[in-house]
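Take -12 as the starting number for the sequence shown in this note's numbering and just add one per residue.
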Amino acid sequence: MFSYEFMRNAFAAGTIIAVICGIMGVFVIARNMSFLTHTLSEIGFSGAAFGVFAGWAPLNGMLLFTVVSSVIVGQLSARSERREAATSAISALFIGMGILFLSLANKNASYATSILFGSVIGISVSDVRQMLWLSLVVLVVVFVLYRFLKFDSFDHTGARVKGLWTNALSITFLVLVALSVSVAAQIVGSLLIFILLTLPAATAKYFAHTVGGMMVLAIALALIGVWSGLTLSYFTNYPVSFFIAAIEAIFYFVALGWQRLQTAE
-12 MFSYEFMRNA FAAGTIIAVI CGIMGVFVIA RNMSFLTHTL SEIGFSGAAF GVFAGWAPLN
48 GMLLFTVVSS VIVGQLSARS ERREAATSAI SALFIGMGIL FLSLANKNAS YATSILFGSV
108 IGISVSDVRQ MLWLSLVVLV VVFVLYRFLK FDSFDHTGAR VKGLWTNALS ITFLVLVALS
168 VSVAAQIVGS LLIFILLTLP AATAKYFAHT VGGMMVLAIA LALIGVWSGL TLSYFTNYPV
228 SFFIAAIEAI FYFVALGWQR LQTAE
């Protein structure tokens, strides 16, 4: 399996993705922003399709669309009473735009499938390098702002009372999520990004009782899902995104069952 360059690239990219999604996912869950990752997945599809239309690398188009729109989406959906409507409207708009860009680029359905569900074969060494640099940017920013992000994510009211610059932190966090979405899309595709950004962290919160512990466990669960998904995809020739989604969903349901057992006792 590792004799093929594309599989080595896929495992390297998958490892990077698992680490980023495990860390960022904890903050996404704490901030109740799962809806945002789902919306950014549609925006990412539109951005990648625009990249194909413009003759760019799909990742570059995805970065442009997700980074710019993440702040806009976050501001539009800041109020809970309009969050659902704003999310639905934006998702519909960008899915339509993505289909339009692919049509204008005269690309067939295989391009849309690759963007939506990822493409292991299409990951090159240059893609891995670009993902690594983007991930390092995310990790450095999270490391520098870790204490403030943790305070604002898990006790937003307390952070505001303490005079913490919550608005600036929110904007920074939205940009970090956008970068994470663009990185993760290379393996699971734009449609299923929210799986790795939500399920490992959502599972980890049932077993870990500290933020650091949640991150370590979320990374481990994401790594298991990605590595197992790539291996199963190689031997069965079925989509890697299916296996990753199934494995992470199983982990989550096991966690729910464990929590129910603990509550019953």
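Backbone N, C-alpha and C fix where the C-beta goes; we use that ideal spot for every residue, glycine too.
Sufficient close CB pairs (3 or more, under 8 angstroms) joining the stretch 227 to 247 to the stretch 171 to 180: Taking a cut-off of 8 angstroms for Cβ pairs, the stretch 227 to 247 and the stretch 171 to 180 touch, as three or more such pairs fall below it.
Contact set for I30: own chain, Cβ-Cβ below 7 angstroms, skip 5 residues either direction: Looking up residue 30 in the sequence shown gives position 43. Cβ within range, chain order: F52, T53, S56 and F81.
Could you check if S220 is buried or exposed, using at least 16 other CB atoms within 10 Å of its CB as the buried criterion? Looking up residue 220 in the sequence shown gives position 233. By the Cβ-count criterion, S220 is buried, with 16 or more other Cβ atoms from all chains shown falling within 10 Å of its own Cβ.
Residues of its chain near M118, where Cβ-Cβ distance is below 7 angstroms and the 5 sequence neighbours each way are ignored: Mapped onto the sequence shown, residue 118 falls at position 131. Only A0, I3, V170 and Q173 meet the Cβ criterion.
Boundaries of the alpha helix (DSSP H) in which L121 is found, first to last residue: Reading the sequence shown from its first residue, position 134 is the one you call residue 121. Element bounds for L121: V112 to F141.
Would you kindly check if the distance between the Cβ of G212 and the Cβ of V227 is under 8 angstroms? Here residue 227 refers to the residue found at position 240 of the sequence shown. Here residue 212 refers to the residue found at position 225 of the sequence shown. In this structure, G212 does not lie closer than 8 angstroms to V227 by Cβ.
Please report the straight-line C-alpha distance between R18 and F141, rounded to a whole angstrom. Taking the first residue of the sequence shown as position 1, residue 18 is located at position 31. Taking the first residue of the sequence shown as position 1, residue 141 is located at position 154. C-alpha separation (whole angstroms): 7 angstroms.
Close-in-space but distant-in-sequence residues of the same chain around A195 (CB under 6 angstroms, 5 per side omitted): Numbered from its first residue, the sequence shown carries residue 195 at position 208. These residues qualify, in order along the chain: M201 and L204.
Do you know offhand how far V131's Cα is from S122's? To locate residue 131, count along the sequence shown from 1; it is residue 144. To locate residue 122, count along the sequence shown from 1; it is residue 135. The straight-line gap from Cα to Cα measures roughly 14 angstroms.
Give the straight-line distance between the Cα atoms of N(-4) and W120, rounded to the nearest whole angstrom. Here the question's residue -4 lines up with position 9 in the sequence shown. Here the question's residue 120 lines up with position 133 in the sequence shown. Here the C-alpha atom of N(-4) lies approximately 15 angstroms from the C-alpha atom of W120.
List the endpoints of the continuous alpha helix (DSSP H) containing L217. Stepping through the sequence shown from its first residue, residue 217 is reached at position 230. From DSSP, the alpha helix (DSSP H) with L217 extends over V198 to T223.
Can you check which of these residues, L46, A155, V129 and L243, is closest to G199 by C-alpha distance? Working through the sequence shown from its first residue, we reach residue 199 at position 212. Nearest to G199 by alpha-carbon distance, out of L46, A155, V129 and L243, is V129.
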